[in-house]
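See structure below.
Chains as they are written, first to last, in this note's numbering: chain E, 1 to 477; chain F, 1 to 318.
Listed below in structure tokens is the structure:
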């Protein structure tokens, strides 16, 4: 029997200390109240239009906009755990930013033999255009989303692991904020009785971060959010953040470059733009430099960027550091750049490009999780213990055809959290994505987005694959 | 403000206003259809309705025969008719969604809720059960939208473009409503010599008044029986009648002045000219020209203004 770890219960009838207050409250709720609140929450989410689009869904009208299921039982993190995690996150993101700077400058880490050169220059996310380009403060990933899970140890305790670094355009923060708002609206009494750390100042921190990385010499920088448009799956979040920060939400067609500077078209003529929080991938930013067929970006943008006349946030080329094949090297980066021991654990990872590792993976497909190096959103992965023989056989062929496209990790026994399902309350697997902001300083709000796999036994928490979300509480004491 | 944002705001409110006016028009037609009238007259009314919306050929191609239930379907919930209430509410909502960051939460939620709720009403067969109630509902959602805009939005450019959209669309719609009789019977309103026609006239003009919530207003202003030229005066020239052409143009000019930029002087001049014509015009002059001719020319000038506004503020200059 695999070990399990439940966030709320140490044993079936024993509630962990940090959930005690919640448990007391829950036990007092009359029958039917929680059901009514669930319906109320769904109605509000629909009216507010907190929806996401599902790719490949060709329905017209309402069908393409879905709600992300919201679960009423919060994920609670005790104060001491968060303090440790926060320290670890700062350390990790610092090291990753140092790494990206190094990759596009001296490449000291390659010279020192810590990371093999082909892992960097052979990486599809490596952007030669960025070599020698200086970005304000040397910060590349201003907004990082670090995916963290807690896994059960054989002795019944649990340990946090970083599963993945998202350094390009991590999304989900709007759900973190909206979930909190919803919980406070539905259950104000819960918040009155407990010291739950607030998160609503995130947009303020974000704006401060973006302003702090404006090009040199700009005193009152104009910040904008660049969205691919309203049919993008995360459009709600783009609009939400722009509104919360009080900045313009622009599309590529609203921007143009003249004499090396970026402007937006307004009802009063062109206005200069200094910082672009872009929510589209590098590939789409500038048809003159990257994908020529992209109409989402702005021609000449990269030219202006390289001249230092506009800041792109996140910087171009951060993908070189959040790739799954770079992930195993992060602990070494921390030691290399900061001279510190890593605070957060990495999951042991097998690189299938490596012959020995590949053989091990092939021999243990039934026990491992195998992922595509560039995959995202829970697509293109094999969860060995949950897969059928036929699925494993098919995956083996994919793997053999292109081994360097895959990595494998032991199947972690992800922690569970009680969650409302059809039959009542049942344990479901969860993860956590805290958001780390790096500008002049590194800042974050306590907590993050907790995602939950609603299907029984499932480990896939992605919203595109039937995942839901929960409010995340960091207790202040 | 981004030109594209202004464009979405302008169209958001235009579509909402259009949905409301379509509901008003359909409601009047529906109420009239409850009066004793011959099939021919009823059909005339329906044809007039299609004609003022410039949808006659579109309708004929799709449905052929003109009857009440098909015309209602076409105008209320036909997804392929861009002027149907359904399509207008969707367009209003899509435009709002595109710039939801520039709207207050209340404005966005009102627009979104209207769209979601309208779909639910159609699904529940609310329309079949009680068309008048559905039209009333659309009207009130539009009232609510405007109220929420004025009540929550900052008094800045965003609101000015919203208001320009509302009143330009309303000017257009009121002019079309006034012209409805011409479209129905292809004659101006003078010359109802026969008693029967006079009676018809009463119902026709009072229906128009009701469609713009102007029946009580008329009584209050004129303290008189319903007379066509007075109805025309009320809906064209009275600056204190909120749906009159004069009142609409007054709002358009006022808001345009607040957003003026380097290239908008010609558009402002034309708007001002149109406003002045209404402010200093007289109903006997207008009727001497012929009401239909006057309204046709008015609609052209409103459409020309729309083009100018798009060019000067909304469509990006490359």
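Beta carbons: idealized from backbone N, C-alpha and C, even for Gly.
What you are looking at is a predicted structure, and each value in this text was computed from that prediction instead of being measured.
Contact of residue 465 (chain E) with chain F by beta-carbon distance below 8 Å is absent, the smallest such distance being about 25 Å. Among the CB atoms of chain F, none fall inside 8 Å of the CB of residue 274 (chain E).
By the rule that beta-carbons nearer than 8 Å mark a contact, residue 313 (chain F) touches chain E. The three-state secondary structure of residue 44 (chain F), taken from DSSP, is helix.
Comparing C-alpha distances from residue 49 (chain F) to each of F:36, F:76, F:38 and F:35 shows the shortest one belongs to F:76. Excluding five sequence positions before and after residue 453 (chain E), the CB atoms of its chain that fall closer than 7 Å to its own CB belong to 428, 429, 459, 460, 461 and 467, given in chain order. Taken atom to atom, the span from the alpha-carbon of residue 194 (chain E) to that of residue 475 (chain E) is near 8 Å. Listed along chain F are 2, 3, 4, 5 and 316, each with a C-beta nearer than 9 Å to that of residue 254 (chain E). Boundaries of the beta strand (DSSP E) harbouring residue 438 (chain E): 435-438, taken from the DSSP string. Approximately 4 Å separates the beta-carbon atoms of residue 301 (chain E) and residue 286 (chain E); this is inside 8 Å, confirming the contact. Here the alpha carbons of residue 66 (chain F) and residue 46 (chain F) stand approximately 7 Å from one another. Below the 8 Å Cβ cutoff, chain F contributes no neighbours of residue 288 (chain E), its closest Cβ being approximately 16 Å away. Cβ contact annotation for residue 135 (chain E) (same chain, cutoff 6 Å, sequence separation greater than five): 315, in chain order.
Inter-residue distance for residue 115 (chain E) and residue 321 (chain E) is about 11 Å (C-alpha atoms, whole angstroms). For residue 166 (chain E), the beta-bridge partners assigned by DSSP are E:145.
Interface with chain F (8 Å Cβ-Cβ cutoff): residue 34 (chain E) is excluded. The C-beta of residue 307 (chain F) has fewer than 16 other C-beta atoms within 10 Å across all chains shown, which makes the residue exposed. About 29 Å separates the beta carbons of residue 363 (chain E) and residue 148 (chain E), which is beyond the 8 Å limit, so they are not a contact pair.
By the 16-neighbour rule on beta-carbons within 10 angstroms, residue 143 (chain F) is exposed. The straight-line gap separating the alpha-carbon atoms of residue 277 (chain F) and residue 235 (chain F) is approximately 14 Å. Between the alpha carbons of residue 310 (chain F) and residue 233 (chain F) lies a gap of roughly 30 Å. Straight-line measurement puts the Cα of residue 122 (chain F) at about 56 Å from the Cα of residue 351 (chain E).
Contact check for residue 175 (chain F) and residue 245 (chain F): beta-carbon distance about 6 Å, within the 8 Å limit, so the pair qualifies. For residue 99 (chain F), same chain residues with a beta-carbon under 7 Å away, outside a window of 5 residues either side, are 5, 8 and 9 in chain order.
Scanning chain E for C-beta atoms nearer than 7 Å to the C-beta of residue 98 (chain F) yields 230, reported in chain order.
Look at residue 264 (chain E): its C-beta is under 8 Å from a C-beta on chain F. For residue 474 (chain E), the enclosing beta strand (DSSP E) starts and ends at 467-474. If the five residues before and after residue 312 (chain E) are omitted, its C-beta is found closer than 7 Å to the C-beta atoms of 276, 278 and 305, all from its own chain and listed in chain order. Collapsing the DSSP output to three states places residue 121 (chain F) in a helix. Taking 8 Å as the threshold, the shortest C-beta distance from residue 109 (chain F) to chain E falls below it. Boundaries for residue 87 (chain E): no beta strand (DSSP E) harbours it, while the alpha helix (DSSP H) harbouring it runs 79-103, taken from the DSSP string.
Sorting E:161, E:219, E:234 and E:207 by C-alpha distance to the C-alpha of residue 172 (chain E) places E:234 at the top. For residue 370 (chain E), the CB contacts under 6 Å within the same chain, skipping 5 residues up- and downstream, are 382, 406 and 408 in chain order. Taking a Cβ-Cβ threshold of 9 Å, none of the residues of chain F is close to residue 13 (chain E); the smallest such distance is about 43 Å. Cβ proximity to chain E below 7 Å picks out 157 from the region 152-173 of chain F. Residue 126 (chain E) and residue 138 (chain E) have their alpha carbons spaced roughly 17 Å apart.
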